[in-house]
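Take a look at the structure below.
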Amino acid sequence: MRRTPRPMPFTEAQLKQVFATSIIDFALSNGLQLEKGDRATMHVKGLPNGCGGLYIFNHGRGYYWFSKESKGNIIDFAKDYFELPTKTQAIEMILGCRAYDHSEDYARLSFHPSEKEPKGELILPPKDKSFDRTITYLTEIRGIDREIVDAMIRDGKVYGARTQVEKDGRVYSFHNCTFVGYDETGKPRYCSLRAPSANSHFRQDVENSDKTYGFCMEGRSNRVYDFEAPIDAMSHGTLCKIYGIDWRQDHRVAEGCLSDKALYRYLQLHPEITEIVFCYDNDMNGVLKDGTPHNHGQIQAEISAETYAGLGYKTMILTPNTKDFNKDLTELRKTMAQTNALQVSEDEIER
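Heads up: the sequence shown at position 250 corresponds to 250 in UniProt numbering, and the numbers run straight through without jumps.
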């Protein structure tokens, strides 16, 4: 049954515009006086006694207010400095327009404001004669539960593809693990390929894929988990099953990148969802181009959580213990195997 889209106070394009706005530029445009702080910050001058210590980071994406012990992104800054009662009003101030005050065309285009429109129809790569390599890769190398893999294959969201590449006059044939995202009519709109090998880093989106249609695992509850990769979504389902939780209960969306485009579209098609859990990678060793430490996944999770909280959702962040949820799963599998082996050894000794 086709669902009625849930109205959103701001389009994704507008939210992208908000987070593309430098706090420094926003502050200056609203009459704040800035001076150089230290190597990493600008200091806001002229604040009343007892309200000082407001610093904006030079990259324009965050601030810290020592006297208030507050910090955050541009939405937090606008709400904090101008004492606005809600984040929605803060977003309105940054954009210079009211919530829900966007045209139909603006809303329709908001799903992919910064990406090129697909040039043609998505053509899925042909299925291989056997999916054995894909199944083995997902279950044995990635540790994903066989029931979950079979369910995704049954739904046409996972399969083994046979692709060919011509190079230097020769044709090379490859088997790839394939993940598919569909629109509300059941039409394939997104497809990504991954080599079914622990030693290969090959991954590629099929031409004309639209990442606003993610890899989705539909649930029955009012909660959705948002991941970067399909394998992480399936791994999280496996972890739930290991701990006795019904993996089919909650919704899961995988973006295919560090984004929330697919989540945004999914929410419009699932108005029953009221809770969002952001499960992005834990990039503990991540850095910016200038070498500044930067946990890309977790910083984006904070931004997304703040954004969707401002839209009325209950938001949470679930950080993997390692770099991602598949690594969490494979590490747990190793620990379980070692524990079982130790138990077997103890049983043999007792005999």
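The C-beta atom is built at its ideal place from N, Cα and C for all residues, glycine as well.
(1) Identify which residue in 280, 148 and 316 has its Cα closest to the Cα of residue 327.
(2) Taking the alpha-carbon positions, what's the residue 202 to residue 259 distance?
(3) Would residue 211 be called buried (16 or more neighbouring beta carbons within 10 Å of its own) or exposed?
(4) Is residue 222 near the ligand ATP - that is, is its Cβ less than 7 Å away from at least one heavy atom of it?
(5) How would you write the range of the beta strand (DSSP E) that residue 240 sits in, first residue to last?
(6) Please report the distance separating the alpha-carbon of residue 334 from that of residue 254.
(7) If you drop the 5 nearest sequence neighbours on each side, which residues of the same chain put their C-beta closer than 6 Å to that of residue 55?
(8) At which residues does the beta strand (DSSP E) containing residue 70 begin and terminate?
(9) Quick check: the Cα distance between residue 227 and residue 34, rounded to an integer number of angstroms?
(10) Excluding the 5 residues flanking residue 325 on each side, which residues of the same chain have their C-beta closer than 6 Å to its C-beta?
(11) Excluding sequence positions up to five away, which residues of its chain have a Cβ less than 6 Å from the Cβ of residue 126?
(12) Please report the straight-line C-alpha distance between residue 307 and residue 171, rounded to a whole angstrom.
(13) Here's the rule I'm using: 16 or more other beta-carbon atoms within 10 Å means buried, otherwise exposed. How should residue 243 be labelled?
(14) Going straight from the alpha carbon of residue 276 to that of residue 155, what length do you get?
(15) So, using beta-carbon positions, are residue 87 and residue 309 closer together than 8 Å?
(16) Ignoring anything shorter than 3 residues, give me the beta strand (DSSP E) runs that lie fully in the region 14-38, in order along the chain.
(17) Output the distance between the C-alpha atoms of residue 304 and residue 317, rounded to the nearest integer angstrom.
(18) Helix, strand or coil: which one does DSSP assign to residue 123?
(19) Between residue 46 and residue 23, is the Cβ-Cβ spacing less than 8 Å?
Inspection of the coordinates gives the following:
(1) Nearest Cα to residue 327 within the set 280, 148 and 316: 280.
(2) Going by the C-alpha atoms only, they are around 20 Å apart.
(3) By the 10 Å Cβ count, residue 211 comes out buried.
(4) As for the ligand ATP, it is missing from this structure, which has no ligand bound.
(5) Following the DSSP letters along the chain, one finds residue 240 in no beta strand (DSSP E) but inside the alpha helix (DSSP H) bounded by residues 230-242.
(6) The alpha-carbon atoms of residue 334 and residue 254 are separated by roughly 25 Å.
(7) Around residue 55: 37, 41, 43 and 64.
(8) For residue 70, the enclosing beta strand (DSSP E) stretches over residues 70-72.
(9) Between residue 227 and residue 34, the C-alpha separation is close to 38 Å.
(10) Closer than 6 Å at the Cβ level, and outside the excluded window around residue 325, lie 232, 235 and 236.
(11) Cβ contact annotation for residue 126 (same chain, cutoff 6 Å, sequence separation greater than five): 162, in chain order.
(12) Approximately 48 Å between the Cα atoms of the pair.
(13) Flag for residue 243 reads exposed.
(14) When rounded, the separation of the alpha-carbon atoms in residue 276 and residue 155 is 24 Å.
(15) Their beta carbons are under 8 Å apart, which means residue 87 touches residue 309 by this criterion.
(16) As far as the region 14-38 is concerned, its whole beta strand (DSSP E) runs of at least 3 residues are 33-36.
(17) Distance between the alpha carbons of residue 304 and residue 317 is about 9 Å.
(18) The answer is coil: DSSP assigns residue 123 none of H, G, I, E or B.
(19) No, they are not a contact pair.
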